[in-house]
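Chemist: Residue numbers are given in the numbering used here: position 15 of the sequence shown equals residue 56, and the series is strictly consecutive. Built from N, CA and C at the ideal position, the CB exists for glycine as well. Starting off with a structure, shown below.
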Amino acid sequence: MKGKGYLVGAGPGRADLISVRGLVLLRAADVVIYDRLIARELLDEVRSEAERIFVGKQGFGARTIEQEEINALLVERVGAGLQVVRLKGGDGFVFGRGGDECAALAAAGLPFEVVPGISAAIAAPAYAGIPVTHRGQASSFTVVTGFEDATKEGSSTNWAAVAKAPTLVVLMGVRSAARICDALAAHGRDPESPAAAIASATTIDQKVARSTVAGLPRAMESAGITAPAVLVFGDVVELHDRLDWFAPEEGGGGFV
C-alpha cells in the first residue's frame with residue numbers, strides 16, 4: 042500500500058470539534074504524530090497498534106524535536122508506505138508550520154492531504170460570545186502571532202497597520218501581551234477601546250478577561266489567564282457582555 046501523509050487540524054481544544062474527515066483518518070492511521078495542545082480524548086480514538094509520536098513543545102520555546110526532524114520523520118514514515126496523520130491543534134496552516142511539513146513531503150515526491158481544522162483565532166472569540174465580524178461594527182478581521190516581540194526593530198508584523206484593524210486577533214500572545222497593548226496604543230489604537238483574552242478556549246478550563254487595550258494585561262493577571270490564550274481587540278468585544286453563552290462547568294467535548 043502506498044503511504045500518504047495527512048495534515049489534520051484537531052481544532053481549538055474540545056475533542057468533538059475535530060472535523061468528521063479528520064476523525065475518520067485518525068481512526069485509520071498507522072502513525073499519529075501529534076502536538077501538545079491536543080485533546081487527550083482524540084488519542085483514545087487511535088488504534089492500539091498504531092504508532093504514536095509526540096513532537097510538541099515542553100514549556101516556552103523548548104521543543105522535544107526540531108522542525109527539521111519532524112519533516113524528516115514524516116518523509117520517512119510516509120515513504121515507508123504508512124498512512125500518517127500529523128495532528129495539529131487548531132488549523133495546521135494558521136501559524137502551525139503545516140506548510141513546512143507539506144513542502145517536505147512534496148519535495149520528496151510523496152502524496153499528502155490537508156484537512157482543515159477550526160482555528161482558535163475564530164473559535165476562541167466565538168466561545169466567548171465575540172463574533173470577529175458584526176454588522177455595523179466590523180466588516181473584517183486580522184490575525185497575527187504574538188510570539189514575536191511587538192516592539193523589536195525589523196518585526197515581520199506591521200503593527201501600525203494591524204492597530205487599525207476593525208477586529209484584531211492575536212494568537213500566542215500571553216507572554217507579550219503588555220508589549221502588544223503598548224504597541225497598539227503607540228500606533229494609534231484607542232487605549233480605552235475594548236479588549237479581551239480567552240484562555241483554554243472551548244474547554245472546561247476556559248477563562249475570559251474582558252477589559253480595554255490599556256487594562257488588558259492587568260485584567261489577564263487578575264483572571265489567571267495563562268497560555269494557551271487568544272487576545273481580541275475591537276468593538277466586537279463589547280458583544281461578550283450579551284452573547285457570552287458558553288458554560289465551561291457543563292463539561293463535554295468527548296465522543297459518545
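Over the uninterrupted alpha helix (DSSP H) stretch that includes residue 203, give me the two end residues.
Modeler: Taking the first residue of the sequence shown as 1, we reach residue 203 at position 162. Per DSSP, residue 203 belongs to the alpha helix (DSSP H) from 200–203.
Chemist: At which residues does the beta strand (DSSP E) containing residue 127 begin and terminate?
Modeler: Translated into positions along the sequence shown, residue 127 becomes position 86. It spans 124–129 - the beta strand (DSSP E) in which residue 127 sits, taken as one unbroken run.
Chemist: Taking DSSP's pairing of strands, which residues face residue 182 in a bridge?
Modeler: One-based indexing of the sequence shown puts residue 182 at position 141. Looking at the DSSP assignment, residue 182 forms a beta bridge with 208.
Chemist: Measure the alpha-carbon distance for residue 83 versus residue 93 and round it to whole angstroms.
Modeler: By one-based count along the sequence shown, residue 83 stands at place 42. By one-based count along the sequence shown, residue 93 stands at place 52. Their backbone Cα atoms lie some 12 Å apart in a straight line.
Chemist: Which residue from 261, 248 and 259 puts its Cα closest to that of residue 290?
Modeler: Taking the sequence shown and counting its residues from 1, one reaches residue 290 at position 249. Cα-wise, what sits closest to residue 290 is 248.
Chemist: Which residues does DSSP pair with residue 160 in a beta bridge?
Modeler: If you number the sequence shown from 1, residue 160 lands on position 119. Residue 160 is bridged by DSSP to nothing; it lacks a bridge partner.
Chemist: Any idea what DSSP makes of residue 250, helix, strand or coil?
Modeler: Here the question's residue 250 lines up with position 209 in the sequence shown. Here residue 250 sits in strand by DSSP.
Chemist: Please give me, in chain order, every unbroken run of the alpha helix (DSSP H) with length at least 4 that falls completely inside the region 43–112.
Modeler: 61–69 and 81–84
Chemist: Residue 262: buried (16+ other C-beta within 10 angstroms of its C-beta) or exposed?
Modeler: Position 221 of the sequence shown, counting from 1, holds the residue named residue 262. Taking every protein chain shown into account, the CB of residue 262 has fewer than 16 other CB atoms within 10 angstroms, so this residue is exposed.
Chemist: At 4 residues or longer, and completely inside the region 227–282: list those alpha helix (DSSP H) runs for me, N to C.
Modeler: If you keep only unbroken alpha helix (DSSP H) runs of at least 4 residues inside the region 227–282, you get 257–264.
Chemist: Take every Cβ of the region 152–160, pair it with every Cβ of the region 57–70, and state whether three or more of those distances are shorter than 8 Å.
Modeler: These segments touch.
Chemist: Within 10 angstroms of the Cβ of residue 124, are there 16 or more other Cβ atoms? Answer buried if so, exposed if not.
Modeler: Numbered from its first residue, the sequence shown carries residue 124 at position 83. Buried, since its Cβ has 16 or more Cβ neighbours within 10 Å.
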